[in-house]
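Numbering (the working numbering), first residue to last: 753 to 970.
All residues carry an ideal CB built from backbone N, CA and C; glycine is no exception.
From a predicted model like this one, the values you see are computed outputs, not experimental measurements.
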Amino acid sequence: MKLHSDPRERVVLFAEDLPWLDSPAPGVKRRMLERDGSEIARATSIVRYDTGSKFAEHTHGGGEEFLVLDGVFSDQFGDYPAGSYVRNPVGSSHAPFSLQGCIILVKLWQMDQLDQTKVVIDTSQSQWLPGMVEGLTVLPLHSFAGESVALVRWQAGTHFPRHNHIAGEEIYVLEGVFQDEYGYYPKDTWLRNPPGSIHTPFSEQGCLIYVKVGHLNF
Ligand SMILES: [Fe+2]
Ligand SMILES: [Fe+2]
């Protein structure tokens, strides 16, 4: 299956418009944002665990990165409430479940195998840093070999200078509305700007976004 698998394609998807598709596990459904492969796939998805559901023990052959959007995700190593950011490196394995149910943003097979750092960050307890312009605050989540992931909070009325994404940019809107000269991206919009793209972003009402840059030259 190939779905938005060409990183040179600009993609804007409103996740709420996408169907919940069955996964191999009962009670676990997903909305596919991008996919290249079948069950073993380079993929970015929104995955929903119903109350009491679980997913079979599996190994992350290409690494797994997720952000918990709602509820509590769990595995044998811990419980990860909404706002948790987790990276399970290439070769790691686990058996996930959710007692109360949860929704997560997941990225599979997008990790450098040399990047063996296990990351667990509770973003609700973390220290935010000033951003490049007034009105922006940044919570760095991870960086490796040119790839950089962060949460960025925009106060209402914040404007950012025009810039080029040399190796691409990917955004998921967590709260509020993110904007640029090409569109209006409310909460639950997934935006992928290809390598070499340019824009001038702003937010009239304020927003919170997940941002990854430097990873789309493949
Ligand atoms: Fe996993
Ligand atoms: Fe940008």
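The region 757-772 and the region 785-799 touch, with three or more beta-carbon pairs separated by less than 8 angstroms.
A straight-line Cα-Cα distance of about 14 angstroms links L891 and V871. Across the structure, L888 and S895 are spaced so that their CA atoms are roughly 19 angstroms apart.
In the DSSP secondary-structure assignment, V965 is bridged to S900 and E921. The region 936-943 and the region 903-912 do not touch, with fewer than 3 CB-CB distances between them shorter than 8 angstroms. Between G814 and Q862, the beta carbon gap of about 7 angstroms places them in contact (Cβ cut-off 8 angstroms). Judged by beta-carbon spacing, P759 lies within the 7 angstroms limit of L968, meaning their Cβ atoms are closer than that value.
In this structure, E817 has its beta carbon at no less than 6 angstroms from each heavy atom of ligand 2. In the pairwise beta carbon analysis, the region 782-792 is classified as not touching the region 828-847: fewer than three pairs are separated by under 8 angstroms.
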